[in-house]
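Position one of the sequence shown corresponds to residue 16 (my numbering), numbered consecutively onward. Think of the CB as a built atom: it goes at the ideal place given N, C-alpha and C, for glycine as much as any other residue. These numbers were taken from a predicted model, which means no experiment stands behind them.
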Amino acid sequence: MSKPETMMIDEVKYVRADAVNQDIKGDLKIVILQRGWIMVGRFTRNGSDCVLSNASTIRRWGTTKGLGELAANGTLKDTILDKCLGQVQFDYLTVIATIDCKEASWVGKL
């Protein structure tokens, strides 16, 4: 019998610690880019070169209180994330704003 990868307790999804990629570096952030792109992932910056690892495009927020609600609570019932393949790379001059995310709220959601 295989071990479960996730479990639900009080409608909260928990992920096995050994299933989480510990090699990914950077702070978890929502990044608002030019031309309406809104993404979430592990943000790192080297000069003007920026990278979002384990990134997703936020296609639908699904919130009533804006992006801050997503940052604090993670994805909601109506939130739609489109997973990006590989890393997203962009120049820092294309960044409109970044929002720090509450790590515990996003476990297993990216």
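Cβ-based neighbour list, residue i, same chain, cut-off 8 Å, excluding 5 preceding and 5 following
{"i": "D152", "result": "Residue numbering for the chain in the displayed model covers 16 to 125; residue 152 lies beyond these limits and cannot be assessed."}
{"i": "D64", "result": "Q104, D106 and Y107"}
Contact set for residue i: own chain, Cβ-Cβ below 6 Å, skip 5 residues either direction
{"i": "K28", "result": "T21 and G123"}
Where the alpha helix (DSSP H) containing residue i begins and where it ends
{"i": "E118", "result": "E118 to W121"}
Sheet register partners of residue i (DSSP bridge)
{"i": "L43", "result": "R57"}
Where in the stretch 48-112 do unbroken runs of the beta strand (DSSP E), each at least 3 residues long, occur, reported from the N-terminal end onward?
Whole beta strand (DSSP E) segments, 3+ residues: 53-61, 64-75, 95-98 and 103-106.
So, does the stretch 93-112 touch the stretch 66-75, judging by three or more C-beta pairs under 8 Å?
Touching, yes, given that three or more Cβ pairs across the two stretches are closer than 8 Å.
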